[in-house]
Each structure stands twice: as C-alpha cells, then as structure tokens.
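Single-structure report; data block below.
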Amino acid sequence: MKFLVENRFGMLLLVVISLLALYGVAHVTQPPETVTAAPQPKRVTVESVNTVCPDPGDSVVSAVAPGREGARGGAATVTALTAPGEKAGPAATLDQPGKLWQKKQAARTGPLIVAGDGAMAAGLEAAQTATATSGARRGLAGVRCVEPAAEAWFVGPGPAAAAEVTLYVANPDSAPASVEVAVYAGEGPVVGDHGFMVEPGEHRTVNLKDIAPSPLVMAVSVRTGSGRVASAVRAEMGEGRGVDWLPQAAAPAKSVVVPGIPGGGGRRELYVAAPGESDAVVQVKAITADGFYALKNRETVEVPAGSVATLDLSTGIGGQPAAIALTSETPIVAGMVITATGTRLDVAFSAGAAPIDLGSVVADNRSGKDTKSALILSAPGKAAKVSVQVLPAEGAAPAATEAEIPAARTEQIALPKVRGAFAVAVTPLPGSGPVYGGRVLDQRDGNGLLITAQPLAAGRTWALVPPLTDSPSTVLP
Amino acid sequence: MSSTDVPYGARHAVTAIVVAHDGARWLADTVAAVMRQSRPVDRLVGVDNGSRDGGGRVLEEALGQGNVLALPRSTGFGEAVGEVLERLPAARAPGVVEWVWLIHDDCAPDVRALEALLWAADHDPSAAVLGPKLRDWLDRRLLLEVGVTVDRTGRRDTGLEAREYDQGQHDGVHDTLSVSTAGMLIRRDVWDEVGGLDPALPVFRDDLDLCWRVRNAGHRVLNVSHAVAWHAEAATRRRRRITASDHHPRRLDRRNAMFVVMANLPFRALLWALVRNVVGSLFRTVLFMLAKQPANALDEISALGSVLAHPGRMLRARRARATGRKQNYPQIKRLLSPPGASYRRIVDMVQGFLSGAGPVDSSGRHHAAAERQEQDDGDELLVDAGVMQRVFGNPGVLLFLGLLAVTVAAERTLLGGDRLGGGALVPVIGGASDLWRLYTEGFHATGLGTDAWTPPYVAVIAVLSTVLFGKPWLAVTVLLLGCVPLAGVSAYLATRRMIPSAGARLWLAATYALMPVATGAIAAGRLGTAVVLVLLPVYAALATVLLAAEGRRSRRAAWGLGLLLAVGTAFAPLVYVLAAIIGVLGATAFGSARRGVGVSVGIALGVPLVLLFPWLAQIARHPGQILLEAGLHRPSLVDPRLPAADLLALSPGGPGMPPLWVTAGLIAAALGTLLIRRQRMVVAVCWGVAVFGVLVAILAGRATVTSIAGSEAAPAWPGVPLAFAATGMLVVVALTSHRLAEFRAAGGLRRIAAVLAAAVAFSTPVLAAGFWVYRGVTGPLRGDLPDAMPALAAAGSEDGERTLVLRSSEAGGLTYTVLRNRTPLMGETDLPAPGQARGRLAVAASGLASGRGGQDAAVLATYGVRFVVLVAPIDPAVTRALDSQPALARMSLTETTGVWRLASPLGRAWIADSAGTRTPVKVTRTPDGGLTAAVPAGPAGRTLVLAEPAGDWTATLGGATLARTTVDGWAQGFTLGTAAGTARIAYDDQWHAIWLWVQAGLVALVLVLAAPGSRADEAAPDYADPPPGEAAPAEPERPAGRRGRRAKRSEVAAR
C-alpha cells in the first residue's frame, strides 16, 4: 500500500484501475434498454349502468343484461324519467341475466330510464325500435339507449334535406345540465347561441330547423357546460323517404371507422365533418369482403374547417357489406346514410364507432319471415376472432358460436336462427385484432325494404381501470 | 465669571500626587517623568497603597521617605488622594491658585505636560479640571484618550477609532465630559468643593463621577492635547490585580458605570436611562451566554442587580449630587455620546466584516487600544482603502458577484414569476407562519391527514423565511436559485485555511459552484441538493478543524459540524451516511494521532441523530428513503439508464446537464495531480473520497426507490454523492496547484506544461458557465407555475374537505393526490399517507376514472371528498369516464382543467346509522385547533365518523368521552348515544409538543456549544501579580499562538 502511495505511477495506476472498475460496475448494472411496457389498464366489471331511451312512444323497447359468470344479485329497472321529487315506480324490473326483455310502449310515452346495478349492470343494453309500414313515418327506426354524457356527436341530413330533424335531450341526473348545441353545415358552422338548461328529470326536444334551417347535411354536437344529458336525433326524411334515428358518432378523431354498411342496393353516402379550426383532407378507404382499398377517383375528400362534406359511395363498394376507414391530419366526425330499395324508401344511418375491444351487445334483433338481422364485422388490422352469443327473449340460449374475420376484411355474420326477438353479444376472443361492427335490421313489406342500422358500441360489461399511482407530484405539470 | 474662577495671571502652585499600587515596573519612569517637568511641580507626594512589588521602595528612593505615605493595600485611588490632601492643608496665599496633579504609577507625563496644562488653565479661567492627551505606554503613537464621555447606558466612549494613531487629528483644547484621573490636573478648591473622588467608587468611573460633579458645580473640564502622557492602563488591561475591591473588574466597571450615570442624570433622563440599562443589560447578558462567556454574562447581570438592589445607596448618591445637576444638564447633555453612536458601531462592524476584517469586538471595548488585529492571510485586508474598494477588492465578493451574474443570466426564464415550482419542488406558497404551523402541529390536516413527523427541513426553511420577511418563496429563491453563488462563496471561504493560494481557491469555488450537480439541482428544483451543495464546503472546513485543531476548537467545530450536518441531513439524508462513513474512517486514521478526535467525531455524528430523532426513525423504517431528498421523487427527473461515462464525469443525469466534456478538464487535472511527487498522502485521501463518492453515486443511481409519501418507482438521483466526489477532485487539484507556479518559474517545457494544465483546469468552470448561460434553465422548474387547485374547487370546499386531483402521467396511467382547499405547502408533500386509507381511496379513485359506475363516488364521499379535478394533459377517455358517473356532476371543463362535484358529498364528518345510511354533520373549527360537530338526536347504534385516519383523536359529547372505533378500516369513528349535542373533537398531541420543546432546547444548546466562544486570553485572565522585576510585557502571546496553530494545521493538511 505504502509503495503504491509513494510511487509516482503506483497511485495513478491504482486510481485508474479503480475508475475502470467503477466504470465496469456502472456499465454492467446499467438497466437494459428495453422499453418498459406502459402499465396496462386493468379490466374491472361495470357496476352500474344508467341509460335513457329518448322517445319510446309507440316503439318496442328491448333491454338485456348478458351478465357474467359468477355474478349474482342486482337488478335492472325500466323507469319513466321524472323530476327528482316525484318518484315513479319501475315500469319493469329485470333480474334474469341473459334474458331479453321487450315491451311495446304506448304512444306518447316519455323517455324511459333503463338502469342496472350489480350483475344486471354487466353489459346492460337497451334499444328502442319503431316500425311503421305506412304514413310519413314509414320505416324501421331504431336507436340504442345511451348513457347521459357531456358530449355527443351526430352526423346526418340537415333540415333542408329532411322533413324534420329533431334533437331529444334528457337529463336523468340529479344536477342541472347546461346544454350547448352546435351545428356544422356543408357551408360551415352555423353561428348562433343555442344553449339551454335541462333541469334534473327534465327532457326536451329541439327542432333543428329552428337552429339551422338551411343545411342539407349537418353535424351536430351536443355539449354540456355542466351536468350531463342523454341525447338523440331523429331524422324524418319525408313522405316515402323513410325515417330513422342518427346513431351517436365517435368524437372527433384523426382516424375514424364507419362500420356496419349493409350490402344490397340503395344509396350509400358518406358525410364527413371537420369541426376543428383547420381544413381536413380525408383519405377514404373501404373495407369489404374483397379487401381494404381506396376507391378509385374517391381517394380523398376535402373538408373545409367547420363544415361537412359528402361523398357518394353507392357504386364504390359495389353492394357489398362494408366499413369505411377514414384518416385525416385533423380530427373528423363521420356518418353514413344508407337507403333501402323499394317503391317507397326507408333510410338508415351509421356513424363512426369505436372498436369493440371489450365486447358489444345489441339488444334488439329479430328473425322472422320478412325480418332479419345481420351483423357486419370488420377487421381493419389483424385478423379478428369473435364469439357471438345469442340471447333470445324466450327459450334457452343456444351455444355461442365463433366467427373469424380475416385481416383487412369485412364479413357479414349469419346469426343463428332463433324464434322471435333476441339480443346478441359479440366478444372478441383473446388474440383478436380490433373489430368494428354494425347491426342491420330490415323488414320487407309490399313497398320495399324497411331498414335500420346501428354501429356496435363498446359494451358495458367491462371498464378499463387505468393504473393509478398516488403521487403528490400530481400538483405539478 | 463665577466667584471661584481664577483671576487672570494668578500664580499657580501644583501638588503632584503619585499613587503607587503594584506598579513598580512603570513607577520609576513615572516618577522620573514627573520630576523632569519643564514647569516643575511645587510639591511632589507619593502614596503607596501597599504594593507588594517594591513600589514603595522605589517611591521612597525617588522622593525621600518623608514624602511617601504608606496606606493599606485595600485603599482606593480616591481615598489615597483624599488621605494625602487631608495632610496637606490648602495654601491660602492670596493670588495663588493651588492645583492638584494626580499621577497614576503607570502614567508618565511628557516633559511639557504640566506647562501645557497650566497654560490652558491660564487661558480659560473657568476650567477646573484639565487632562492630558493619553497615549499608549508601549506603542507610543497610539492614542488612548482625548477626553472621555459616556452614553446613557454607561458605555464608555473615547470618540476614537480602534487603534487610532496620533497624527494631531484631535489636537486642541476641548471641552469634554471627563478626563482620566491619570494626569488629571484639578484645582484644589474645586476638589474640596465637590468633595473629591467618591470613596464609594474605589476604582473605575471615579474620574467620570468627579468630572461630572465638577461640571455640575459649574466648572469646565478640558482636555489639553498639547499635554501628553503615556499610560499603561495596567488595571483595565488586567496587568495587575485590583485589590481595592473584591469584585471582578468587568462587573465593577459595569456597576460603577451605571451607578455614575444614574446618579448624575436629572430625574427625567434618569428614568429613560433606567429602562435602557435594564433592557440593554439583559440583551448583553443573552449575547454573552450565546457567546459562551458565562462569566461575563454573570458580571453584566450582577452589575445591574447590584445597582438596582441598593436604591438607598443610589438615593444618597443622588442627594449628594443634587446641586446644580439639573441646571447644568443641558451643557452636559451635549457632551454625552449621541444616541446614534451604537448604530454607527453596527455599520462599522458590517463594513469590517464585508471587507474580510472579521467582526469588531462589539461587546464594549474599554479603551481604544484594541488588541492587535489578526493579519489574516495578508491579501484579505486592504488597509488604506475606501469602503467600496475594500468590499469590491475582495476576491470572494468578486467571485460572488461573478457567479451571481452568471446565475441571473442563466435563470432569466425563472425570475419574476409569481409561483416558483416544478420538478421536485412543489409550488412555493404560503408564509413563514404556515411553515411553522406545519412543523409544530401534531396532526396534519393535509391530503388524507397524518400524524407523521414533518420533515425537519421545513423548520429550516421556516427559520430562513422568518428572517426573510416571512416569505418562503424568498427563502427558496435564495437557497435554490441562488445556490450557485452561495456554494461558490461557501467553497471560497471554507478553503481559506486549507488552500493558501487565492487563485486556486477562486478556481475551486467557481468550478464547484457550476458543477453539473448544481445546474441539475436548479433545473429540477431540488432544494435538498442545493442546500447540501452550499453546506458541503463548510463540512469540509469544519471537519479539518475538528481533526486538526486542539481541544476546545476541535470540540466547537464538532458541535458546529453536528448542527450543520443535521441541517444537511434534513434536506438530503444521504449526506449523513456519506459523512458518517468518511468520519469514521477519518477518526480511525487520526484518532491515534490526536486525543479527543474520536469524541469530536462522535459529537458531530451524534448531534444529527438526536436533533432529527423522530423523523429519522420514520425514515429508517424505509431505508430507501435515505436516497431521496426534500421534495418530490419523480421518474421524469432522473435518467433511469444513466450511462457509466456520465457517472464518472460527475454528471448525475436528469434535466439541466451540460455535455460530458465540460467536466473533462477537472477530471484530467485531478488525474494529473497523481503524478506530483509531493503531498502524496493528501492526493491519496482526496482521490479516495472521489472514488468513494462515485461508488455511492452508482449504487444510488441504480437503486429503484418509491417515496413513502407516494410516487412512481424510479431510481434515486445521485447528485449528493457526486458532489462529494467532485469536492475530493477539486480539493486535490487546488491543494497541489502551487506546483504549477513552480513549474512556470522553471521555464521551458515545464512552463508550457503548467500553462496547459491551468488552461485545462480552467476550462471546466468557463465552459460550464458558458453552457449554462447559453442554454438557460429550461428544466421542469418554472417561475410561473399554474395552480393545480382550481379556484372553483378551492372556493367551494369547506374547511377540511378534500379534492381528488387526477393527472395523466407520462408513463401511461394516472397519478392522483388528495388536496384540501389549496395547493400543498412544501413539506406537506413529503408526509407519508396512512396505508389503509390510501389503499381504499386508490381503489375508489381508479374505479371512478374507469367509469364503471358503482359505489366509487360514495366511497370518495366517505373520505370527505367534494370535488374531483382532472388537470392537464386531459385524457378524453378519463373525461368521458368521469362524465359517465351519475354521482359526479361536471362543473367545468377547459383544455387544462376539469372540475366535477360529488352529487352527495358527506363532508369532513358524518354519522353512519346501523342501517348504513350516512348523513353529513356540520363541522366547525374552534380557535384552539379542535373541531366541533353538531350531532342531532337519533336512534342508538350510530357512529360519528371523522374523515381522518384513526389515531389519538378524542371526542366528548355533553361531558362524556365517546368510545373510539375505526370505520372502514381507516377512519376515526366515535360511538354515539341517542342524545343530540355538540361533539368536541381534538387531537391529542402532547408528546409531539414536548418533543418539539426538547428539540428546540437541544438546538439552542448545540448552537451555544458551537458558537465561537470567548477568547482564550479573556477566559484565563492574568490575575497573578507579575513577578517583581519583570520587564514590560511583550505583545500578547495569542497571535503568535494562533499563527503557530495555523502552521500546524496546514502541515496536517499537507501531509
């Protein structure tokens, strides 16, 4: 030791060796450069669901909770929307998971709340479907009963193109909601102050012609400054042109998939709105049974900021079941108008939807002589594999079937033959790619086809719990 | 002209009286000087107050036996003179004015002194007392007195500066309040009129009293500077024992001073002087206690006591001085020290300190002949310069200003905002009182609520903020943003004793201050590292003293080191571990060489453990916490894969790092020192520290830690150990830097090598400063942080209600925290939350964020949560999930913040009945910090639930104490009866309070023990009578001794 210290180079050697050793230790202990996977959200069961059917009068209201294994207890109720003070007893109580409940409501029935908790909350799904074979409202008009939310988007024909476009707003919560309605037309956003308050238990309808009389096509956003509302839009196209509800479109995003476009004849028209501050150049691709391709001469559509553009795809997808994938640099909202064939027409609407990663349930399906339901599933990415479970209103449920959708294809899934009305639960199986889908319900009568469509919405069986860390640094950006 | 005035041209008859008392070593000169006067004295009489050193013999030889009066040893000066004058009746010859010339045995008048005094007396017939200009016996040019005055507290004021040389600047004949009895010429008739020196004042201030009485009688007191006398001031310098009184000279001096002032002031002025004396004395006593001079403190307080305890004596004295006191006070008032003098003294002291002269002894100098000031390193003291030049000529001040300029330029983006925070630093809000409350309260109603110990660094910041006008942001700004200049100055001053060359010290200080650790600490808002950076050089300096100095100084350094180590440990506990390891190694190495080093090291390492005890115990239960520091632990502030090269280049990773090659110069220079043949041991020790620091840095940088206060898991930031390593390298280079000068002098190749080496070494601070300024501080620390607590939620929450704040984290997922009404204070975010409460809340919060519905909102309500806040970046999925909760109502949503309100909140306290129904209860806070809850009547089996973690809560309702239960596994419940009433809820924290008092006492004790103590020569005064025949003593021994010690110290450092 002493030698090392006294010697001129001894100590240098010693220090250099120790520094090299330190370098070595530090190098060896350096953690590998694996990108630590972001913590995955956990799946938890949904414990309560609260949905509102906007205008069930003269319609069939269906409700089903597929339940899940091992879950017990809980009940779902169907109640009329009332102010908080006046408590109405439930019109119906559902306590059997997997059993579809259906009831035709009397005319002039106010909004109904379908709420469930416990086992009857898992996947609780409700829908209202009206069928009229004559009159101004001839057609199949169905809509999914939605949960109140702070924001909702609708894309469809404007008041100038339709006989009547009505917005239904209901507030089932205990807090008042201040609602702002914004309309985007083909020419740009419709200027004006369209705000109103909806007190708890209150519901109201707004004729959109009062807000924006001129648009031929439009996108409507319903936002709340405070509180939440359940909103829905019904478009009556006019005598002999059909009627239907606009499904809620996915919130503005840079990538949108509009699923559930049925095959067969009729017009297929895509509406794309760019509600942001900048113009959008939207790439349009179709996903059909043949593949995932851009449409010739209709590769892109330009949407000026704040306006809605249309694109006729009737010939492009060649009468096949399809989905449309849209990508853009700026967030867009999209919808689709589907027209059936016949001497008198009916109309149906689809809209941009989220993938059904956690499964989806459609409450109202029918099978019969003239009536049929079809699932149209698309897998824009990897091949998808789903299990399809039919939940009939009567009788035992048949075994679940599996269906595969090849990568970048759309498939129409044949549903098992069941007597009468049934619900269907679609659940992607492990390893499946993202699945988008739609359900088309049609009924043939003497004058042609009645049709309604509904994009598959994420089911309410599971919720994703984000990984949550207790950290005081939350107070800092 | 009064009747007693001397007619012009009168003949003078002068009787000189020499009083001897153990002053033989000066007496012969004194007597010779008196006898040699150009205007001979008419009569010369000697008095010997029982000298034991042969003084009587000297007198008798010089004056003849008949002219010497022998008196007992206990006779005072005044008594002795009175005794002589009694035996010498006044000559009543007409036209003759008789004078008495009082001569101390240690006061030799100049040849022309008497002539000059009488000349002045001739010119001013009303002058009854005349005194010469007194100069020092040894240093013959040094001025001691040109007349003396006092202020109203009896503080003696000569009107001279310390060590003022006589260059004729005070010459002339002045009116003055008093002159010393040494060489005082007083008219015999006036002496008789006022009754001579007061025998009650045998020594000290007798002259003042006499002159004051003379003035009260309407005469004048003059100082005649043409008359000069050399005075040894033997009694006040304690060259001889005072036997006239048994008391300690200082006590006697203070007592007499107060007594004389209070006896001579008219009544109104007296009252004011009384107040000032009492307050001033108590204050000085405290100061003396702090300076560890208990003897002086005792003197001070007992002097005051002695004056106050004898009102009778005071009354008698006042009665005796009643005549003319009030009438002549206006004249006397002019001659007293002006009240502003004390402030001027403080200003002088500060100026002197800034210019590096060291503090002036402010406790009250008796005379102008201050001890010789220490020649401190030569360059520190520029003698003949103005204040500006003295201050700005100091390299330390220049270094500070330079680093300050660099810092301001680099931190341009941080300055001027209204909320500093970001990175590891929570936004600095609140005032010093909030920090004190946080530190002293037993239960912290913050977040989920906890009774854990507040980190002691909060107390340090609180102390600093109290000093800085009660503004914590100012304290944090100074410590964190100013850590570069502070660390630089600290390094510069701390190395004063270690490194001889000022240039090397400047280099060391600048390089140290601009280390990547410093810039990184600022960028990431690491207050802990910033404080440690400033303290580290002080540790090194104190440790050197501790290991190298002798007994008392070593012990004092140990206490100081212990205290500062406690401060550093409070901010960054890792400092303690590093210091402990190095300290133990040092103790084993030096322990054998020097006695007491082991004990000193033990003190230094023990003090932090004791001072920080309960908090340290809390830390020790989670050893990972040792690697963390004050503030937040966040993955974004560390480099999880810190490369090995970074660690060796002293770069701890994270934001604010300069490129690696910036520090290459320092490392190259440090490696170069290994080739130097001399000072091998120092080089080895310093390199040992450096290698050790890097090793600890590697361990810390690779250990993944989670804070007990809640955080995502991330490696610790190795800033503190790298600062240790850097210190080792810097010291080794600076210590060997003088070799460069030698090389340079050698010329040729060596000269080129020396210049190159200097350039390499200087590249590090220059590049570091340049990069820092060029880039600026861009890191997460910001000067204008937005408040995470929306005003909507803050205003809507009642006292104690909680707000759940959610934020999307970079790693994916969410982080949450619970706030109450406001952003947390610094330190509140370091409190550990109780595990039970936390777990349950986390489940509910994540359920809420998932949108699964259910009881999550109800569970949140049991926590007293009223608002759920989502802060930017806002994830639409989370917004949707929160929106989908029926139990939440959205109040606002912007791009940066969303606020939801619970539809049915329960508040801070609620009642659960046996059916499980929960009802909110109105809670109010009482002024004493307790809570009251209005409980309605109800069925049996109800529980009053306080949404705070169960603990030492007590509740009384109608005089009865409620039984405690724990609700939901965490909350404090109280079993209720059926009756209504007001429940009083309080947290029982008496042990906490007791410990805080103990801690305060311990801190005060350590402060006193660490404070610079009394001087060695004062501590052991030379009371012993000097051996007869000893020559006049040489300069005091002390400076030589200190120099010797310093030499020894540098030897140790160089070994």
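Going down the list, the sequences are from chains C and V. Heads up: the first sequence is residues 1 to 477, going by full-length UniProt numbering. Heads up: the second sequence is residues 1 to 1055, going by full-length UniProt numbering. Even glycine gets a Cβ: it sits at the ideal position worked out from N, Cα and C.
Verify whether the separation of the beta carbon atoms of residue i and residue j is less than 8 Å.
| i | j | result |
| --- | --- | --- |
| valine 691 of chain V | leucine 627 of chain V | no |
| proline 111 of chain C | cysteine 53 of chain C | yes |
| proline 130 of chain V | valine 224 of chain V | The question names proline, but residue 130 of chain V in the sequence shown is leucine. In this structure, valine 224 of chain V lies closer than 8 Å to leucine 130 of chain V by Cβ. |
| histidine 170 of chain V | valine 148 of chain V | no |
| glycine 520 of chain V | glycine 654 of chain V | yes |
| valine 60 of chain C | glutamine 96 of chain C | no |
| threonine 924 of chain V | threonine 932 of chain V | yes |
| threonine 109 of chain C | threonine 93 of chain C | no |
| alanine 410 of chain V | valine 777 of chain V | yes |
| threonine 45 of chain C | arginine 852 of chain V | yes |
| alanine 229 of chain V | alanine 273 of chain V | no |
Measuring alpha carbon to alpha carbon, tell me which residue in the options is nearest residue i.
| i | options | result |
| --- | --- | --- |
| threonine 961 of chain V | V:Leu946, V:Gly977, V:Glu550 and V:Gly586 | V:Gly977 |
| glycine 422 of chain V | V:Leu480, V:Val463 and V:Ala980 | V:Leu480 |
| tryptophan 772 of chain V | V:Arg782, V:Met515, V:Ile994 and V:Gly551 | V:Met515 |
| alanine 280 of chain C | C:Ala383, C:Ala161, C:Asp364 and C:Ala334 | C:Ala334 |
| arginine 207 of chain C | C:Ala160, C:Gly116 and C:Glu69 | Inspection of the sequence shows that residue 207 of chain C is occupied by asparagine rather than by arginine. Comparing Cα-Cα distances from asparagine 207 of chain C to each of C:Ala160, C:Gly116 and C:Glu69, the minimum goes to C:Ala160. |
| tryptophan 101 of chain V | V:Val18, V:Gln972 and V:Gly78 | V:Val18 |
| alanine 491 of chain V | V:Glu441, V:Ala459 and V:Leu542 | V:Leu542 |
Per DSSP, which one or two residues make a beta bridge with residue i?
| i | result |
| --- | --- |
| histidine 21 of chain V | Bridge partners of histidine 21 of chain V: none, in fact. |
| glutamine 96 of chain C | DSSP, once it has assigned bridges, lists no residue as partnering glutamine 96 of chain C. |
| cysteine 211 of chain V | DSSP output for cysteine 211 of chain V lists no bridge partner at all. |
| aspartate 29 of chain V | Partner(s): none; aspartate 29 of chain V has no beta bridge. |
| phenylalanine 154 of chain C | C:Val220 |
| glutamine 169 of chain V | Paired residues: none, contrary to the question. |
| histidine 104 of chain V | V:Val19 |
| tryptophan 230 of chain V | V:Ala108 and V:Arg135 |
In chain V, what lies closer than 9 Å to residue i by C-beta?
| i | result |
| --- | --- |
| asparagine 50 of chain C | Gly853, Ser884 and Pro886 |
| glutamine 454 of chain C | Within 9 Å Cβ-Cβ: nothing; glutamine 454 of chain C doesn't reach chain V, min ~20 Å. |
| glutamate 353 of chain C | The displayed chain sequence assigns alanine, not glutamate, to residue 353 of chain C. Result: empty, since nearest Cβ-Cβ is about 15 Å, beyond 9 Å. |
Going along chain C in order, which residues have a C-beta closer than 9 Å to the C-beta of residue i?
| i | result |
| --- | --- |
| alanine 872 of chain V | Pro477 |
| tryptophan 687 of chain V | Met11, Leu14, Val15 and Ser18 |
| alanine 849 of chain V | Val465, Pro466 and Leu468 |
Show which residues of chain C have a CB atom less than 8 Å away from the CB atom of residue i.
| i | result |
| --- | --- |
| isoleucine 619 of chain V | Under the 8 Å cutoff, chain C gives no residues; its nearest Cβ is about 17 Å from isoleucine 619 of chain V. |
| isoleucine 698 of chain V | Leu22, Val25, Ala26 and Thr29 |
| proline 876 of chain V | Ala251 |
In chain C, which residues lie less than 7 Å from residue i when you measure between Cβ atoms?
| i | result |
| --- | --- |
| arginine 505 of chain V | What arginine 505 of chain V touches in chain C: nothing, since even the nearest Cβ is about 24 Å away. |
| leucine 675 of chain V | Arg8 and Leu12 |
List, in chain order, every chain V residue whose beta-carbon is nearer than 8 Å to that of residue i.
| i | result |
| --- | --- |
| threonine 469 of chain C | Gly710, Ser711, Glu712, Ser809, Gly813, Leu814, Thr815 and Tyr816 |
| residue 481 of chain C | Residue 481 of chain C is absent from the structure shown; chain C starts at 1 and stops at 477. |
Against residue i, what residues of chain V qualify as contacts under a CB-to-CB distance less than 7 Å, listed in chain order?
| i | result |
| --- | --- |
| serine 473 of chain C | Leu632, Arg634, Ser711 and Thr815 |
_Segment contact flag, the region 654-667 of chain V with the region 761-775 of chain V, C-beta cutoff 8 Å, min 3 pairs_ = yes
*Contact between the region 59-78 of chain V and the region 133-144 of chain V (3+ Cβ pairs under 8 Å)*: no
*Could you tell me whether the region 315-323 of chain C touches the region 254-264 of chain C, where touching means 3 or more Cβ pairs closer than 8 Å?*
yes
*Going along the chain, which residues of the region 702-722 of chain V sit with their C-beta nearer than 7 Å to a C-beta in chain A?*
Structure shown: chain A not included; protein chains present are C and V.
*Flag this pair as touching only if the region 221-240 of chain C and the region 140-158 of chain C have three or more C-beta atom pairs under 8 Å; answer yes or no.*
yes
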